[in-house]
Structures are given as structure tokens and as C-alpha cells.
Amino acid sequence: MGAKILIVDDDLESLKLIGLMLQGRGYQIIAAQSGLQALSKITNECPDLVVLDVMMPGMDGLEVCRRLRADPRTATIPVIMFSAKTQVDDKVAGFEAGADEYLTKPIHPTELVTRVEALLSRTARLGVRAKPTMRAKTVGFLGCKGGAGTSTLAVNVAVALTQGPAAGQKVMLVEFQSGSATLALQMGLRPQMGLRTLAERSVGTLDADTVLAHMDRHTSGVMLLSGSPEPSGTLAPVDVPHAETITHSLGTVADYLLLDLGSGLTEVNRALLRILRYVLVVVEPQRVALHLAQLLLAGLDELEVGRHRVGVVLMHKAPSATTLTKETIEGLLQREIVGVVPPAPELAFQSADRGVPMVMIQSQSLVARQLHQLAEFVAS
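Convert by adding 184 to the 1-based position in the sequence shown; the result is the number in the working numbering.
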């Protein structure tokens with residue numbers, strides 16, 4: 185049986201005409217006459233491609249496409265926009281919303297069918313297809329620079345989730361750093377070769393069960409897939425297909441999937457940022473870090489990571505009388521600060537020395553309370 189195609193148009197005659205054209209070529213056709221109905225059918229029917237009208241009452245096609253791209257479960261479904269709006273600005277708006285193709289009405293049936301076949305073929309060739317069963321809330325931790333406290337934050341938020349809003353649920357923590365990885369050490373676990381082993385396997389052999397078999401379980405309940413502590417550069421890096429496949433596989437079984445992205449907009453990070461539901465940018469409140477954070481946030485804008493999907497966390501490492509205020513930093517970065525971790529150098533030292541997350545050493549400390557608040561935010 186052919187691919188399943190959802191046609192979205194408020195005009196019934198257009199629905200019938202397009203449906204008959206594509207049905208005659210062996211495709212399964214489902215239809216929707218509004219944006220909201222389209223989103224519901226995409227969730228329930230899992231189409232292989234969407235043909236989407238732009239001008240519809242209520243939620244238009246542009247907003248439907250934006251919502252598809254913002255949801256990891258539907259972000260990779262190919263979309264053809266089909267509209268009577270023919271101006272260049274209209275086409276640009278369609279592509280900016282996330283469309284893969286923009287066709288104008290009227291169109292010859294042969295061209296429409298050819299475009300559909302070409303997009304489906306290209307999608308299959310690239311190995312990109314919708315992952316409708318991905319259920320996890322996916323959150324990335326991205327540092328403005330190395331040493332900003334990104335891994336420390338990811339570890340403590342993961343544990344705080346298991347202690348509070350995600351108690352009894354599946355919380356998983358993953359890093360894709362092939363060398364100089366620290367998550368296992370920070371959690372008091374013996375570094376394993378799970379990530380390296382998975383990276384050496386064929387992508388086609390990776391599924392949730394396979395990935396889970398290479399993960400460690402922390403006493404808090406957090407499941408961890410860690411990289412190797414061997415020096416960076418001595419091991420082959422994890423490539424994009426493996427990183428995406430591991431993320432999607434775990435996303436089908438986890439309730440919360442946290443990714444330690446390290447720092448920088450690497451090729452792997454660029455790919456993962458497209459499928460994450462939310463990104464926490466980790467920043468220190470000092471001049472160099474803030475300058476780097478501005479550049480990083482501008483890079484996220486260029487990658488079209490929606491601002492509603494990005495929050496900033498301030499990590500204070502040491503007390504300072506000259507620290508900028510939260511309001512001043514929000515003004516500099518033009519972003520909302522969603523969490524502030526106060527300085528606690530002695531607690532941080534104990535945590536690193538003992539391999540125990542800070543929220544487990546002093547659960548009632550100010551630092552722990554702030555980390556629990558951030559976990560609540562992640563869960564909201």
C-alpha cells in the first residue's frame with residue numbers, strides 16, 4: 185500500500201480534486217478542513233506527508249506548519265504548502281514556517297504528483313521520516329562555553345526530577361561527547377563504553393532495547409548513557425545519524441530525556457536542536473561568558489530554534505560583589521532567565537570529590553532548592 189498523505193484545505197472541492205489525483209497513484213488519502221483538525225489527524229493518523237493549504241479560517245497553514253516543526257514527534261514530517269498566494273514574500277513565509285515545498289494554485293495534476301513523489305523519495309533517501317511514537321519531553325543543556333557548568337546542571341536537574349515532579353517516571357540523561365566525558369564520574373558511576381559501542385554499530389540495528397542495554401542506572405533512578413573519559417580527540421566522534429537515532433529511540437520509552445550538549449553549535453548539536461522540545465542555555469554572569477552567550481543565542485536564531493523553546497540559566501560559581509543583576513543580564517541577552525543557581529563552591533567541591541550530585545548531598549540547601557525549581561520548570 186502506498187504512502188499515507190494528509191490533505192488540508194478548507195475548500196471541499198479542492199480536497200476532493202487533490203485527493204482523487206493522488207489516490208489514483210496508489211496513495212492512502214486522509215483529509216482535514218481546518219488547522220486544528222489537521223493537527224489532530226497528524227497525531228492520530230501519522231501521515232508520511234502533508235499537503236497543506238495556507239489560507240484557512242482560524243489557524244492558517246503557516247501556523248500549522250510551525251507547530252509541526254516545534255513538536256519532536258512531528259518535526260520531520262515532509263510538508264508541501266499548496267496555495268493561491270503566489271508572491272515571493274508568500275513563498276518565503278512558507279519556507280520560514282518549515283515547508284519543504286511551496287506550490288501555487290492552479291497546478292497541473294502531473295506536476296503535483298511528481299512533486300509529491302520526489303519529496304517522498306528524497307525523504308526516504310535521507311532516512312528522514314516521522315517518529316510519531318516519540319513521547320518524551322526532550323530538553324537540551326547547552327553551554328555558552330566550556331566549563332560553564334553545563335554537565336553539572338544536567339546531572340542535578342535529572343536527579344531533581346526523580347526526587348520531585350517526575351518521581352516514578354523514566355528520566356534519562358545522555359551525552360554525545362565521545363571523549364573527556366564526565367557525566368558518569370559526576371554521578372559516582374564507573375565509566376562504561378556504551379556510547380562508543382553504539383556508535384560503532386550500524387544505525388539500522390539501533391532501537392530502544394539496544395540502547396537501553398548500554399545504559400547505567402543511578403541510585404536516584406536516572407538512566408545514563410555516558411561518553412568515555414578518554415581524552416578528546418583519541419576516539420571517533422559520534423555522527424549525526426547515530427545521535428539522532430539514539431535520541432529518537434530513547435524518546436519512545438522515556439518520560440523525560442535530557443541531553444548534555446556540551447558547548448558549541450557542532451553538526452550533531454545542530455541536528456539535535458531541531459528535535460528538542462526545549463533548550464536551556466547555561467551562562468556564567470561575567471563579561472566573556474555573556475559575550476559568548478549573545479553569539480550563541482544569535483546562532484540559535486539563525487538555526488530557527490524558536491525563542492519560545494529557549495531559556496537561559498545563570499550558573500554562579502563563586503560569590504562576587506560585582507555580579508550583574510538578573511534584570512541586567514536579561515536586557516543584555518534579550519532572553520528570559522528561567523533559573524539562577526547561586527554560588528556554593530564548597531558544596532560543588534564535595535559533589536565533584538564524592539561523585540554525588542549536589543541535590544543529594546544537601547537536599548535543603550539554597551542551591552538544591554533552586555535546582556528543584558528548575559526541575560519543576562522543565563516538567564511544566
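Glycine residues also receive a C-beta, built at the ideal position from the N, C-alpha and C atoms.
| Query | Result |
| --- | --- |
| Give every residue of the same chain whose Cβ lies closer than 7 Å to the Cβ of I191, excluding the five residues on either side of it in the sequence, and list them in chain order. | L199, I202, G203, I213, A215, V235 |
| Given that a residue counts as buried once 16 or more other Cβ atoms are within 10 Å of its Cβ, and exposed if not, what is S547? | exposed |
| Rounding to the nearest angstrom, what Cα-Cα distance links N340 and L369 in this structure? | 13 Å |
| Using the rule of at least 16 other Cβ atoms within 10 Å of the residue's Cβ for burial, across every protein chain shown, is R257 buried or exposed? | buried |
| Classify N228 as buried or exposed, calling it buried when 16 or more other Cβ atoms lie within 10 Å of its own Cβ. | exposed |
| Under a three-way DSSP split, which group does T260 fall into? | coil |
| From the DSSP secondary-structure annotation, give me the bridge partner or partners of Q212. | K188 |
| Going by DSSP, name the residue or residues bridged to D193. | In DSSP, D193 forms no bridge with anything. |
| The alpha helix (DSSP H) spanning T227 covers which residue range? | 219-229 |
| What does the Cβ neighbour count give for P290, buried or exposed, with the cut at 16 atoms within 10 Å? | exposed |
| Provide the residue span of the alpha helix (DSSP H) that contains V424, from first to last. | 424-435 |
| Relative to the alpha-carbon of Y440, which residue among G331, L555, A559, Q478 has its alpha-carbon at the smallest distance? | A559 |
| Suppose the cutoff is 8 Å on Cβ atoms and the five residues either side in sequence are ignored; what does the same chain contact list for R493 look like? | A254, L460, R461, Y462, V463 |
| Out of curiosity, what's the CA-to-CA distance linking L443 and V387? | 19 Å |
| Buried or exposed for R491, please, with buried defined as at least 16 other CB atoms from any protein chain shown within 10 angstroms of its CB. | exposed |
| Sort I545, L479, E530, V524 by Cα distance to F561 and report the nearest one. | V524 |
| Taking T322 and V466 to be in contact with their CB atoms under 8 Å, please state how far apart those CB atoms are, rounded to whole angstroms. | Between V466 and T322 the Cβ distance is about 17 Å, and since that is not below 8 Å, they are no contact. |
| Could you pull the DSSP bridge partners for L498 from this structure? | V467, V524 |
| Put V406 into one of helix, strand or coil per three-state DSSP. | coil |
| Could you work out which residue in D400, G446, D391, S410 is closest to P425 when comparing CA atoms only? | D391 |
| To the nearest angstrom, report how far apart L476 and L337 are at their CA atoms. | 19 Å |
| Would you say the region 290-304 touches the region 517-534, given that touching needs at least three Cβ pairs under 8 Å? | no |
| If you follow the alpha helix (DSSP H) that S447 is part of, which residue opens it and which one closes it? | Here S447 belongs to no alpha helix (DSSP H); instead the beta strand (DSSP E) covers 440-447. |
| For the region 298-373, which segments carrying the beta strand (DSSP E) assignment without a break, of at least 3 residues, lie completely within its bounds, in sequence order? | 321-327, 355-359 |
| For the beta strand (DSSP E) holding D237, just list the boundary residues, first then last. | 233-237 |
| State whether the region 467-487 contacts the region 343-359, with contact taken as three or more CB pairs (one from each stretch) at a distance under 8 Å. | no |
| How big is the Cα-Cα spacing for E511 and L223? | 38 Å |
| Just how far apart, CA to CA, sit R313 and A502? | Bear in mind that the predicted position of R313 carries a pLDDT of just 48, short of 50, making it too unreliable to give a figure here. |
| So, helix, strand or coil for E488, using DSSP? | coil |
| Out of L434, P375, D284, H402, point me to the one whose CA is closest to L396's CA. | L434 |
| Could you give the distance in angstroms between the alpha-carbon of G324 and the alpha-carbon of R251? | 19 Å |
| Could you spell out the range, first to last residue, of the alpha helix (DSSP H) harbouring T381? | 378-384 |
| Straight-line CA distance for T277 to A259? | Checking the sequence shown, residue 277 turns out to be Ala, not Thr. Using only the alpha carbons, I get a separation of about 18 Å. |
| Using the C-alpha atoms, what's the distance from A320 back to E285? | 29 Å |
| Mapping DSSP to helix, strand and coil, what is S198? | helix |
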